[in-house]
Amino acid sequence: MNNINLDLHAGEMFGLLGPNGAGKTTLISLIAGLIKPDQGELSVLGHSTHKAADLARKNLGFVFQSVSLDRFMTVEENLFFAAGLQGLDKAQTRSNLAHLFTVFPIEGWLKRTVGSLSGGQKRLVDIARALIHRPGVLILDEPTTALDVPSKNTVWHTLKTLQALDGLTIFVATHLMDEASSCDRVGFLNKGELNWLGTPAQALDELPDQSVTSVRTATLADWFVWKMKAETEQPC
Numbered sequence: 001m002n003n004i005n006l007d008l009h010a011g012e013m014f015g016l017l018g019p020n021g022a023g024k025t026t027l028i029s030l031i032a033g034l035i036k037p038d039q040g041e042l043s044v045l046g047h048s049t050h051k052a053a054d055l056a057r058k059n060l061g062f063v064f065q066s067v068s069l070d071r072f073m074t075v076e077e078n079l080f081f082a083a084g085l086q087g088l089d090k091a092q093t094r095s096n097l098a099h100l101f102t103v104f105p106i107e108g109w110l111k112r113t114v115g116s117l118s119g120g121q122k123r124l125v126d127i128a129r130a131l132i133h134r135p136g137v138l139i140l141d142e143p144t145t146a147l148d149v150p151s152k153n154t155v156w157h158t159l160k161t162l163q164a165l166d167g168l169t170i171f172v173a174t175h176l177m178d179e180a181s182s183c184d185r186v187g188f189l190n191k192g193e194l195n196w197l198g199t200p201a202q203a204l205d206e207l208p209d210q211s212v213t214s215v216r217t218a219t220l221a222d223w224f225v226w227k228m229k230a231e232t233e234q235p236c
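Quick note, in full-length UniProt numbering, the sequence shown goes up one by one and the last residue is 236.
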């Protein structure tokens, strides 16, 4: 990472774009506290991830590329285990679960083992796990990778519902332009540098007219391809 300067707006959905190897997962690992920064400062809702790491983590929920669940345990056991790691007692856990059930269709799966669920179901449970302690910020690293289209749509609809109902701030790293188009703002990360920041509409306004034929409307995917080409052609 090199001179990253990024402030998330409360209640927004922010999409982090970039090619493979751009540093998206590294940035998320830094925020999660899995990697210590060489310099600079990271804070979550005013709490430094270095000086007040416990407070920062209590305000964060993480969903990594691989599902963070025990496949041999039931959905209920996984959720209560995650709650215990966050210091929640059983009463608090049940209360938080009752809220999650209003958004996630997982109540009927509680007694099923995670290994018996489909990929989309596992991902929904994994997101619920990340939210069991009611954090203010949810960070996801390519959450719909390897999911079929209906499952992707369900996951994305759930995220948008959480944003609308709870005012949840969502940071999602993705390489899928249709998902990024639904974000309030997007950032373009390449070679460890955040080279662009703005709304999807602003990205399309930046796209040269000749880059897209007149027979169709430009998309964020067109902008991404153009941006990658421009980055590649920059002199060293």
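Yeah, the Cβ is synthetic: ideal placement off N, Cα and C, and Gly gets one too.
Where the alpha helix (DSSP H) through residue i begins and ends
i	result
I127	G119 to A130
D141	D141 -> not in any alpha helix (DSSP H); beta strand (DSSP E) instead, spanning V137 to D141.
L165	V149 to D166
D178	M177 to A180
Three-way DSSP call (helix, strand, coil) for residue i in this model
i	result
H99	helix
V215	For V215, the pLDDT reaches just 49, beneath the cut-off of 50, and the residue's location in the model is therefore unreliable, although a value from the coordinates is still provided. Reduced to three states, the DSSP call for V215 is coil.
H9	coil
F104	coil
F14	strand
T26	helix
F72	coil
G61	strand
S43	strand
A146	coil
T169	strand
T93	helix
T49	coil
T113	strand
T174	coil
M1	coil
K229	helix
D38	coil
L220	helix
L204	helix
L55	helix
Endpoints, beta strand (DSSP E) assigned at residue i
i	result
F80	Run containing F80: none in the beta strand (DSSP E); it sits in the alpha helix (DSSP H), V75 to L85.
E193	E193 to G198
L189	R185 to N190
Top-ranked residue by Cα proximity to residue i, from the options
i	options	result
L176	H9, D205, E76 and P143	P143
P19	L6, T174 and G198	T174
V172	V149, N3 and L17	L17
I106	V137, T74, G84 and A91	T74
G23	D178, T199, D141 and A201	D141
S151	I35, A10, E206 and G119	G119
A10	A32, V44 and K36	V44
Within 9 Å, strictly: CB atoms of residue i and residue j
i	j	result
K58	H157	no
L124	T102	no
L159	M1	no
L194	L162	no
N122	V186	The sequence given here has Lys at residue 122, not Asn. No; because the gap between Cβ atoms is not below 9 Å, this pair is not in contact.
L42	L34	no
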